[in-house]
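So the structure is just underneath, and the comments pick up after that.
Number of protein chains: 2
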Amino acid sequence: MEEGPPDPERAATPTLTAVARMAGVSPITVSRVVRRPDIVSAETRQRVEDAIRKLGYVPNMVAGSLASARTKSVGVLVPTIANSIFADTVQGLSDVLEPQGYSVILAQSGYDPLREDRMLAALLSRRPEAIIMVGAPLTADGAEMLRRARIPVVETWELPAAPIDAAVGFDNHDAGVVVARHFASAGRQRLAFVGGDDRRATQRWHGFVEAARQVGLEDPRRVVVEWQSGAGAGTAALAEVPDADAVFAANDAYAIGLLSALRRAGRLQAEPGATPAIGVVGLGDLEMGRLFSPTVSTIRIDGAAIGRAAAELALDPAKPRRVDLGFELIVRESG
Amino acid sequence: MEEGPPDPERAATPTLTAVARMAGVSPITVSRVVRRPDIVSAETRQRVEDAIRKLGYVPNMVAGSLASARTKSVGVLVPTIANSIFADTVQGLSDVLEPQGYSVILAQSGYDPLREDRMLAALLSRRPEAIIMVGAPLTADGAEMLRRARIPVVETWELPAAPIDAAVGFDNHDAGVVVARHFASAGRQRLAFVGGDDRRATQRWHGFVEAARQVGLEDPRRVVVEWQSGAGAGTAALAEVPDADAVFAANDAYAIGLLSALRRAGRLQAEPGATPAIGVVGLGDLEMGRLFSPTVSTIRIDGAAIGRAAAELALDPAKPRRVDLGFELIVRESG
DNA sequence: TTAGGCAATGATAGCGCTACCATTTTACCA
DNA sequence: TGGTAAAATGGTAGCGCTATCATTGCCTAA
């Protein structure tokens, strides 16, 4: 038995025109059934919907976007999504965007300025209706690309003095100040800072140093760790600050790694409730931090709320362009 | 002084044609400079690149995709990205896709079949060149949509008997078997299982029960927890299995939550090295698990490797369609 | 009756690019 | 020197949709 030629109506991905033909209406009517069903008569709508189902028609949004100049997509750029607090932010913004029919185009920069620019260009070439990114662009070129795109741009996790368009976050410098003062008021003498060397970590570091000086403490020591390293970096950092009595870790993973190393080295008090020999404060308020022993003191940041707020600013240019979501020092057992 | 009309060449987003005009070449030549610079003479290329830079031209990939029927994008569907092992998988696949010029369109299903179908339809309407998802589709409709799309589809984190196209993962049933046998060989008597009720968790549960029966143990108890709940669920689960002497937690976060609750309840041995009163094994091998005290025994899964392999199968239909990346039982202090 | 209004549908003309085939120019060799 | 191939460039058509402006019929009001 010979195979007949494949029925083109079934083999190829069906188009809106194919649906129109089958339903006996014009293409534009099919388009209306998909996008504005309320303006089509019930009878026609039914016929079209049957045809759509029979053909398994899936609208081609690429064509639709070109014709309407609306892509219903938002570009999202984060340094990294794995093992990170930024995952919460992506979750939060997705939760706002998806119900409104927007898709998220995700890109990662790995804290690399060149890669960031490449990713920004790649995102913009897809004509998203807005860009949400962690931090401000790392290069002037990147900033210029964003300005030229003439779409809402939301920078998050920091509050630049002159954002391209909008910003949602908190004052990283202040976070450093608050932790240093906390350590000082607890009578700590020799402070240290463990974190990456990206801009946000550096802002925290500056606040930390300045506040330490202001209260008359000697300058803290700074340990720079690779962003790819997780909690292990906290562990390794211990060797670099042998005589510190208080450490601000730029995220909770580092804090936990550090505390774990301290425990193994026998440098944590055994009795709960006692002041630990070395105070450690993290940032991010990971759930793990509450379960760890000692429970981890931290600067609490609501990453999901940052994401949700960013999505709202991205979709509505009338919203305030600068939202400070703040942070909170949560003192637990670790100091 | 009167404002002149805005120069249209500068105000609107420049098109390829505008670049061509400025460089004195045909539009197609500009297109070549962008996509295949090697086939354009050095001189012409220079002129065109200058024009591109001067105008700040960013190619419109929406139009390009429509014309070429290639979107250079991949749809990625995960249950959730926050606080989860799937973030590693997304990272892994991005690491393979981005250098090849592919964008990731990310969607989350929240383990909800209807939402999954909606997200699948939304993804497919953007005509991605492949779909990578965690697990097999939850509904027959979803599976049918994917089949009709005639693009590579990679299911991950499980190995369905009949994948739509390809699958990368491990045998979840087997993982349950291995943990149950491990508990049995350690002399445990009353087993329990803590996890979600999604398909992968249920497969682990089935393997766990079957292996327990096979070695003559009484049927394990199953505690179902909400997927949104993090480690806290592990803590809460303790109350539900008061008499168990071994617990398989479907992920490391639950395991850590459980261990934390056990410690607070004073039900963990004080002396390190001793066999704990209750054995706990997690899944995922979170870095935290190695830092926790006791260190957490776990079924080690390489989420990033799953992502990388999935991306490779998605881009190359010639690659084997079924990749078992396996898992490894790592026995640490927790049992 | 007749104008006016609205609901429902359609025809036409692109959106900004690339596939596909010319066409022109240059290079090279017998 | 002509002939052929390869390199460089261009013209035309169309991807699958939607914006915009008709057009058609029918209902209502004075």
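So the sequences go chain by chain: A and B. Be aware that the first sequence starts at 1, since it is given in the working numbering, and climbs by one per residue. Be aware that the second sequence starts at 336, since it is given in the working numbering, and climbs by one per residue. The C-beta atom is built at its ideal place from N, Cα and C for all residues, glycine as well.
Should residue i be flagged as near chain B, meaning a C-beta pair shorter than 8 Å?
{"i": "S109/A", "result": "no"}
{"i": "P6/A", "result": "Any answer about P6/A is weak, because its pLDDT of 44 lies below 50 and its placement is not dependable; what the coordinates show is given next. Closer than 8 Å: no."}
{"i": "E287/A", "result": "yes"}
{"i": "E3/A", "result": "Note on E3/A: pLDDT 39, under 50, position unreliable in the model; no value is reported."}
{"i": "T71/A", "result": "yes"}
{"i": "S31/A", "result": "no"}
{"i": "S68/A", "result": "no"}
{"i": "S260/A", "result": "yes"}
{"i": "I256/A", "result": "yes"}
Taking C-alpha atoms, which residue in the options lies nearest to residue i?
{"i": "S229/A", "options": "G266/A, G257/A, F248/A, A246/A", "result": "G257/A"}
{"i": "S41/A", "options": "T29/A, A51/A, I52/A", "result": "T29/A"}
{"i": "G410/B", "options": "A442/B, R453/B, V514/B, D452/B", "result": "A442/B"}
{"i": "T350/B", "options": "K654/B, K389/B, T379/B, A644/B", "result": "K389/B"}
{"i": "E647/B", "options": "A358/B, L594/B, G427/B", "result": "G427/B"}
{"i": "A484/B", "options": "P294/A, I330/A, A12/A", "result": "A12/A"}
{"i": "A497/B", "options": "R380/B, V666/B, R656/B, G624/B", "result": "R656/B"}
{"i": "P113/A", "options": "D198/A, A212/A, W205/A", "result": "D198/A"}
{"i": "A239/A", "options": "N172/A, V223/A, A249/A", "result": "V223/A"}
{"i": "A249/A", "options": "Q214/A, R200/A, G266/A, L291/A", "result": "R200/A"}
{"i": "S403/B", "options": "Q435/B, R370/B, S429/B", "result": "R370/B"}
{"i": "Q100/A", "options": "R308/A, G187/A, E333/A", "result": "R308/A"}
{"i": "V512/B", "options": "W540/B, D423/B, G601/B, R380/B", "result": "W540/B"}
{"i": "G530/B", "options": "R523/B, M480/B, N586/B", "result": "N586/B"}
{"i": "T89/A", "options": "A265/A, M133/A, V323/A", "result": "M133/A"}
Excluding the 5 residues preceding and the 5 following residue i in the sequence, name in chain order all residues of the same chain whose CB lies nearer than 7 Å to its CB.
{"i": "F327/A", "result": "F170, A175, I299, R300, I301"}
{"i": "I39/A", "result": "R32"}
{"i": "F568/B", "result": "With the sequence shown as reference, residue 568/B is identified as Ala, and Phe is not the correct amino acid for it. Around A568/B: V560, E561, Y589, G592."}
{"i": "G336/A", "result": "In this structure chain A extends from 1 to 335, so residue 336/A is not present and cannot be described."}
{"i": "R482/B", "result": "I499"}
Nearest chain A C-beta to residue i closer than 8 Å, yes or no?
{"i": "A572/B", "result": "no"}
{"i": "N395/B", "result": "yes"}
{"i": "F627/B", "result": "yes"}
{"i": "D651/B", "result": "no"}
{"i": "E384/B", "result": "no"}
{"i": "L441/B", "result": "yes"}
{"i": "G522/B", "result": "no"}
{"i": "S632/B", "result": "no"}
{"i": "V425/B", "result": "yes"}
{"i": "N586/B", "result": "no"}
{"i": "T352/B", "result": "no"}
{"i": "S429/B", "result": "yes"}
{"i": "S669/B", "result": "no"}
{"i": "T491/B", "result": "no"}
{"i": "E433/B", "result": "yes"}
{"i": "G504/B", "result": "no"}
With C-beta atoms as the reference, is residue i less than 8 Å away from residue j?
{"i": "A130/A", "j": "L315/A", "result": "yes"}
{"i": "L120/A", "j": "G135/A", "result": "no"}
{"i": "V58/A", "j": "H182/A", "result": "no"}
{"i": "V489/B", "j": "A475/B", "result": "no"}
{"i": "P276/A", "j": "L268/A", "result": "yes"}
{"i": "A82/A", "j": "A566/B", "result": "no"}
{"i": "L217/A", "j": "A261/A", "result": "no"}
{"i": "L401/B", "j": "A63/A", "result": "yes"}
{"i": "V631/B", "j": "L664/B", "result": "no"}
{"i": "Q538/B", "j": "N507/B", "result": "yes"}
{"i": "G624/B", "j": "A521/B", "result": "no"}
{"i": "E158/A", "j": "P137/A", "result": "no"}
{"i": "T156/A", "j": "A310/A", "result": "yes"}
Residues in the same chain with beta-carbon distance under 6 Å from residue i, minus the five sequence neighbours each way, listed in chain order, please.
{"i": "A527/B", "result": "P555, R556, V576, A579, V582"}
{"i": "P27/A", "result": "L16, T17, A20"}
{"i": "A515/B", "result": "F543, A546, A547"}
{"i": "E668/B", "result": "P629, T630"}
State the beta-bridge partners of residue i as determined by DSSP.
{"i": "S73/A", "result": "S103/A"}
{"i": "F583/B", "result": "F528/B, V616/B"}
{"i": "V413/B", "result": "Q443/B"}
{"i": "L329/A", "result": "I299/A"}
{"i": "M133/A", "result": "L77/A, E155/A"}
Residues in the same chain with beta-carbon distance under 8 Å from residue i, minus the five sequence neighbours each way, listed in chain order, please.
{"i": "I440/B", "result": "S408, V409, G410, V411, L458, R461, P463"}
{"i": "I151/A", "result": "P128, E129, A130, I131"}
{"i": "G24/A", "result": "R47"}
Is it the case that the CB of residue i approaches a heavy atom of the ligand FMN more closely than 7 Å?
{"i": "A212/A", "result": "Because no ligand of any kind appears in the structure shown, any question about the ligand FMN cannot be addressed here."}
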